[in-house]
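Numbering (the UniProt record's numbering), first residue to last: 1 to 114.
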């Protein structure tokens with residue numbers, strides 16, 4: 001998991017398109033999460049740790065509040081959807097602390113053993 005500096009040409013293209021959506025900002029923040037099947041538990045734990053540290057801004061602070069663009073594939077995409085998908089009030093539906101319990105409960109159904 002990295003906050004990307006956008007040196008990859010494919011991501012740079014995405015960034016330039018996204019930047020048009022943020023004309024008043026000098027810097028657009030990007031959160032990129034590596035995928036990895038059930039190993040998404042590791043990324044989920046890191047996200048929970050990061051969100052806990054951001055709670056200095058208040059108990060309702062969420063990772064989605066600090067990034068303009070999120071990107072990932074596979075299991076990372078699932079994590080991103082969970083921490084950015086809005087509830088009825090437009091706030092993230094899940095807190096990052098909810099990700100690990102979700103993976104523990106649902107990973108056997110999501111990541112079938114071959």
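For every residue, glycine included, the Cβ atom is placed at its ideal position computed from N, Cα and C.
Between residue 31 and residue 82, the CB-CB gap reaches or exceeds 9 Å.
The three-state secondary structure of residue 28, taken from DSSP, is coil. Residue 78 is not a Cβ neighbour of residue 63, given a cutoff of 9 Å. Residue 56 counts as exposed, since fewer than 16 other C-beta atoms from the protein chains shown sit within 10 angstroms of its C-beta.
For residue 27 and residue 113, the gap between their C-alpha atoms comes out near 42 Å. Residue pairing for residue 63: DSSP places it in no beta bridge. Assignment of beta-bridge partners to residue 71 by DSSP yields 32. A distance of 9 Å or more separates the beta carbons of residue 73 and residue 40.
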